[in-house]
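Chemist: Chains as they are written, first to last, in this note's numbering: chain A, 404 to 1131; chain B, 404 to 1131.
Dumping the structure here so I can ask a few things about it.
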């Protein structure tokens, strides 16, 4: 591995101080002259027809300017309606927007929303997988409530089970979990009456997707929509376009800027949480722990809209272990709930909860080392996935080695003797390579100005500064990273899939190298020296070893404002190898259990993860610890609950349980291993998503280790644990 | 000359409709949350010491938040104070800012300003060149009131005058003229408490200069200052940094966004108008009209600060005609008036007024064709200038030919017989070549997104779109030009010197060609064809002559979001040849004269100008006509007048005479000639400044033609003309 000066050193996040002190401005801080404040009027029913809407009282209130309904916007919808606009005639989930009140203040808009009279005729709702799949169930949409995709298969599943010495089989259930960013969704939209386009300020992970969705709804070229991404107060996969098209349409209809900042209650009722999932899985193994067969049926409740998540879930179930015979189906089930979205490592906590429980059970049954069984069956470089792609080199063995050596693992039987259980789980998260784009210029203060088109959800800007600094030969403090808006940056992908550091990072390095070459060319002319003899040292260029005649980088920049030098403009445009860079994350959970209440308490959580090359280890550890805490939420606390009538029972943070500081493990340990990826610049792998994946499975396996019971439903609440203990 | 599809066609300005309908947002339309409104408290004296400032009453007013004075800001000034901050102890011009009132509304700020009690001790002021240069004159600054620079010389002036058959000699005076943009100076500054830097929204011709001046005052790296240029409601050389550093400092001191939009009265009192100039010039010629000697002393009253304008004036006097013996001095004189700045073709109207009057007088004396005398003596390619540079190829002969053929010129004696005078003047404006920068990307709607770092004062964005469209092979409507802010674009020059289309345009063409090459490479792979066989037709790429399999450009853009294609990112970085691209502008004025009142009325103004290659002829003609109207202002109407005590007598548009619609020539004719420049991409020359230059001289020569009197003071008001006629 190359030796680095900055990469691999702990660095504070560039925007950390601004975030901590409150100096950072978010989208909610933006006020344009003449702005109208929007408030959603949401359906109180999960399924109903809209009989009548009477705006009279609401419009008479002071400050209320306009009220839009589905009927109002229908003639303006260019392409097709969807559930994220305003309901037309019918609502299919509680919280669905039925009207939009626009007023001179947020309070007036709320008043208007409270005074709008809407008559509904309630219809029977289906709220669960079973209800939705029952014969004669009310249909969520006319094409039917469930649809099973093409199975993920390998080998011959019959043959596989025939070869097995043991077959274990269970049904797992995981609930709807919300991303729960500290900042809710928010946007401000300024219409442009000339082009018919708009400018959108949005807290988004995907400015270019906001641009295309808004343009599509408005029926204008995407070039007439400018999206200015604002700093994110949390993303976690939830900050993709939801209400931007609606607010853009409203702004254009009223000809004024419109601002919508969701309340916490709206956020919980009507955004895009993780889907509820049921997995029935059956795993067959030989006596020595070799897995030979896996069949699974996954049912993914994506609420009132279909989604890409079911097929992704099936693919993940089939491709975690090198099992010769696999047959996995995934069924997309619709219910009268809000449409699902992506949540950090979508569906993967469920997948690993199912697979790793069964595997753990097999190891226990044959009294094999659970770690060795996992390692033996883990995917390896060159293994063929069900989509025909091949698994690339991973750091699995390094992760297993670190887990095996850890005292928590080594002393697990001693711990058990003291009333503490120790569980393990391991996951692969497949990170894809994509094209990347970056630009950089040089300022007259000698600082490198780096422009990228991807949002920063996880501290990537700081990593980019370090990568550019390393390449260019300056300090990371002398790099300014700017996230461009869609009109001043080139087309870029979204900040998602743990891909940003890997892919945009490659372009950053290319741009910095290009800028450096341009600087060296100028210096070579100034010094009348060969370009190979020029170096950048202490913020200056010099002929190697001749610091006396050094020229400051800022002075080089000044020279580019006059003849005969062109401005410094480094460019990074990288292609993808098309191959993946798998990230392996393994976790150990040490727990104790109150047999009288069923309460599980996690004492230690050890997170081992392969970062490929950790650009900013402090930030990698931050992502790992944060992911682990969210994983504890999945394991023990979090769920969006609805009653049979479709009413959300957990519509505030008073009701929705997230782990607070005393509920997370008192000790979270993060161990980075570094096995450089084969197909990535510097060997970088992704970081953000993997650490949330194995936690629930590790905690469940710890409960099994201690108490001998297998929990199959998340969250593992005291009552569920207690009941399992009783049933034992 | 190459044949173009778009270049050379008349195109509407891209932002024209938005400007006309009022949809365009200017800096005054920007309101940030928590903004404090600023109002300057200006000195009522031209020269005084500040004895005492009492803030009590002003601070007690509702809405007034803070009042800053020179004493308050002194400890925070990092580098050096200047007259554009707040006066410390002393004021040296009327209108100088003595305090800044910050309040919750503009009205409250004005109230505060009205209630601030400031005691001054008035000092004697020098208001004129003569007063300033008198012995024992009060000093404007301690280094003395006048300073004469190194003369511009050629040959031996004694020898020159000895060879002359005639010597003419006159003293010319031109007043302070204001740029008078429709939009006054304005800015909003948001402080960043973390970095100590700021974000500045400013109506500026020079965002990168605002950045460096603000950074210097604040003592932060320029990379910590982000300047977002707002659309300009007029520039004319006046929109360079004045109050941005002060407002940035104030915003940082109070920790809130601060907004200052100058009132018209503040704009007239305390910005940066053209300097008053006196030129004493003496010209010697042979009988055949050959010029042999020119001596001149120019006195430039730059108000209370020294400037680069005097030496520029001297250089221009020396380098308009190929005179073998030249001796020109320029003296910078300080007075107790606001510091001068650049005004469209700085000082050049005065230079041509002087030179072209004397030349006209020589031609008349020997009864020579005034046009032929000009043409004979005009600078030609290869002539050496007083700074050692050489004059490049110009379109002078084409301009003279167009003037000679024009009916207004051909029928001048018939016109005179009917009581109408016809005058001519011709000027060269030297346009420099500079490095340029541009970027372009491709959007999924097939539109080219072009980013430049220079402000648009004169419609250059539309020209850029045409240049990019021509190069790339699409329609100008499918190019979106975005002016980047200083944080998302590379270091660029200012929008000034008529250089923008020439220099940034070269980079635009390079960037579009680069992007096209990238698109063709992708298409070649998609079609499995040679890159030479690919063409862009109707917004699609296709194998030459095979439209059936065409791929839309937008689809190519979409492909770059996935493997194996890199994003389209065309880059333009151009160097300068170091040579100039002189622009020649000649004008004919036909006038009539009321001998009883002295009133001059311009009947026709013919403007002939070499554009090199006119990218957008409609825009070039617009610049030419607009320049001519401003030239009529110089000739007949405009002046900032002060009384002896330093009080501005023309502090509003009620008092300051600008030509209104009935006062401009009833017929303004614009004739573009095109002699491509040797050292410029496409042959483009500058356009914006030259048309203001010759107008005053042409009108004066028309008065001489008709009435035989030589006017030597601008503006040629009725009383001056009447007195000249009486003195005859």
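Ideal Cβ placement from N, Cα and C applies to all residues, glycine included.
1) Would you tell me roughly how many angstroms separate the C-alpha atoms of residue 1133 (chain B) and residue 657 (chain A), rounded to the nearest one?
2) DSSP three-state call for residue 973 (chain B): helix, strand or coil?
3) State yes or no: is the beta carbon of residue 840 (chain A) nearer than 7 Å to at least one beta carbon in chain B?
4) Taking only the alpha-carbon atoms, compute the straight-line gap between residue 1089 (chain B) and residue 814 (chain B) and give it to the nearest angstrom.
5) Which chain B residues are close to residue 424 (chain A), counting only those with a beta carbon under 8 Å from its beta carbon?
6) For residue 850 (chain A), would you say it is in contact with chain B, using Cβ-to-Cβ distances shorter than 7 Å as the test?
7) Any chance you could list the alpha helix (DSSP H) runs of at least 4 consecutive residues sitting entirely within the region 647-700 of chain B, in chain order?
8) So residue 854 (chain B) is in the beta strand (DSSP E); what residue range does that whole segment cover?
9) Are any of the Cβ atoms in chain A nearer than 7 Å to that of residue 602 (chain B)?
10) Inspect the CB distances between the region 955-972 of chain B and the region 1053-1072 of chain B and report whether three or more fall short of 8 Å.
11) Which residues share a DSSP beta bridge with residue 1008 (chain B)?
12) Give the range of the alpha helix (DSSP H) segment to which residue 757 (chain B) is assigned.
13) Taking only beta carbons into account, state which residues of the region 843-872 of chain A come closer than 9 Å to chain B, listed in chain order.
14) Quick check: the region 1101-1112 of chain A against the region 1040-1056 of chain A, are at least 3 beta-carbon pairs closer than 8 Å?
15) So, are the CB atoms of residue 959 (chain B) and residue 922 (chain B) less than 7 Å apart?
16) Tell me whether residue 1064 (chain B) is buried or exposed, calling it buried when 16 or more other Cβ atoms sit within 10 Å of its Cβ.
17) Please decide whether residue 409 (chain A) counts as near chain B, where near means a Cβ-Cβ distance under 7 Å.
18) Relative to the alpha-carbon of residue 1056 (chain A), which residue among A:585, A:987, A:791, A:1021 has its alpha-carbon at the smallest distance?
19) I need the straight-line Cα distance from residue 786 (chain A) to residue 634 (chain A), nearest angstrom please.
20) Can you give the Cα-Cα distance for residue 911 (chain B) and residue 798 (chain B), rounded to whole angstroms?
21) Between the C-alpha atoms of residue 758 (chain B) and residue 444 (chain B), what's the straight-line distance to the nearest angstrom?
22) Taking C-beta to C-beta, are residue 836 (chain B) and residue 866 (chain B) nearer than 7 Å?
23) How long is the line joining the alpha carbons of residue 672 (chain A) and residue 535 (chain A), rounded to whole angstroms?
24) DSSP beta-bridge partners for residue 846 (chain B)?
25) Quick one: is residue 404 (chain A) buried, meaning 16 or more other Cβ sit within 10 Å of its Cβ, or exposed?
26) For my contact list, residue 431 (chain B) and residue 637 (chain B) are in at a C-beta cut-off of 8 Å; report their separation, rounded to the angstrom.
27) Would you be able to state if there are at least three C-beta pairs under 8 Å between the region 587-605 of chain B and the region 638-655 of chain B?
28) Which residue comes first and which comes last in the alpha helix (DSSP H) that contains residue 897 (chain A)?
29) Please return the same chain residues whose Cβ sits closer than 8 Å to the Cβ of residue 567 (chain B), not counting the five positions on each side in sequence.
30) Under 9 Å between beta-carbons, which chain A residues line up against residue 795 (chain B)? List them in chain order, please.
31) Applying the 10 Å Cβ sphere with the 16-neighbour rule, what's the burial state of residue 459 (chain B)?
32) According to DSSP, what are the bridge partners of residue 455 (chain B)?
33) Distance cutoff 7 Å, beta carbons only. Does residue 1083 (chain B) sit that close to anything in chain A?
34) With residue 550 (chain B) as the anchor, note down where its beta strand (DSSP E) starts and where it stops.
35) Which of the three DSSP states, helix, strand or coil, is assigned to residue 937 (chain A)?
36) Specify, as a first and last residue, the run of the alpha helix (DSSP H) that residue 1126 (chain A) falls within.
Modeler: On the basis of the coordinates in this document:
1) The displayed coordinates of chain B run from 404 to 1131. Any statement about residue 1133 (chain B) would go beyond what the structure contains.
2) Residue 973 (chain B) falls in the strand class under three-state DSSP.
3) At a cut-off of 7 Å between beta carbons, residue 840 (chain A) contacts chain B.
4) 31 Å
5) 596, 597
6) Judged by the 7 Å Cβ criterion, residue 850 (chain A) is in contact with chain B.
7) 647-657, 667-672
8) 851-855
9) no
10) no
11) B:992, B:1071
12) 751-768
13) 843, 844, 845, 846, 847, 848, 849, 850, 851, 852, 854, 856
14) Too few Cβ pairs lie closer than 8 Å, so no.
15) A contact, by the Cβ cut-off of 7 Å.
16) exposed
17) Taking Cβ atoms only, chain B never reaches closer than 7 Å to residue 409 (chain A), which makes this a no.
18) When C-alpha distances from residue 1056 (chain A) are compared across A:585, A:987, A:791, A:1021, the shortest belongs to A:585.
19) 40 Å
20) 25 Å
21) 42 Å
22) Against a cut-off of 7 Å, the Cβ pair of residue 866 (chain B) and residue 836 (chain B) comes out as no contact.
23) 20 Å
24) DSSP output for residue 846 (chain B) lists no bridge partner at all.
25) Model confidence at residue 404 (chain A) stands at a pLDDT of 46, short of 50, so the residue's coordinates are unreliable and nothing is read from them.
26) In fact, because the Cβ distance is near 13 Å, the residues do not count as touching under 8 Å.
27) yes
28) In the DSSP annotation of this structure, residue 897 (chain A) is not part of any alpha helix (DSSP H), being labelled neither H nor E.
29) 687, 688, 689, 695, 696
30) Within chain A, no residue comes near residue 795 (chain B); the closest Cβ sits about 14 Å away, beyond 9 Å.
31) exposed
32) B:522
33) no
34) 549-551
35) It is a strand residue.
36) 1121-1130
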